[in-house]
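For reference, the structure discussed in these notes is given below.
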Amino acid sequence: MASAELIEQAIEHKQLAYDQRLLAQRVFAALLQITHDAVTSAYDLLELRGYVRAKLVSGTYVLQENKRVPIDTH
Numbered sequence: 001m002a003s004a005e006l007i008e009q010a011i012e013h014k015q016l017a018y019d020q021r022l023l024a025q026r027v028f029a030a031l032l033q034i035t036h037d038a039v040t041s042a043y044d045l046l047e048l049r050g051y052v053r054a055k056l057v058s059g060t061y062v063l064q065e066n067k068r069v070p071i072d073t074h
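Each step along the sequence shown adds one to the number in UniProt numbering, with nothing skipped, and position 60 is 60.
Dropping the structure here:
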């Protein structure tokens with residue numbers, strides 16, 4: 001999943017900081033010219049992997065580095 005990998009790499013390379021709010025899903029989808037569903041799936045996967053946390057109404061935020069599981073691209 002390219003969009004999840006893109007965000008994961010940005011977090012790993014400290015381009016996105018702890019507690020930084022990610023772009024709204026619709027904005028991110030428009031920026032990458034992909035579907036909203038694709039971004040929703042990417043954000044869900046990143047949350048499952050421990051990279052981000054969705055806060056109801058508030059948005060999705062980068063979590064501290066702990067218990068992260070890299071996305072397997074093979």
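Just so it is clear, CB atoms sit at the ideal spot from N, CA and C, and this is done for glycine as well.
Closest residue to residue i among the options (Cα-Cα distance)
i   : options            : result
S58 : Q64, Q25, E65, A17 : Q25
A2  : A17, L32, L56      : L32
R49 : D37, E65, H36, A38 : E65
Pair within 9 Å by beta-carbon distance, residue i and residue j
i   : j   : result
A42 : A4  : yes
L22 : I7  : yes
L63 : Y18 : yes
V39 : A54 : no
CB-CB length for residue i against residue j, believed under 8 Å
i   : j   : result
Q15 : Y61 : So it is not a contact: roughly 15 Å between Cβ atoms.
Scan the region 26–51 and note each continuous alpha helix (DSSP H) run of 4 residues or more that stays entirely inside, going in chain order.
36–48
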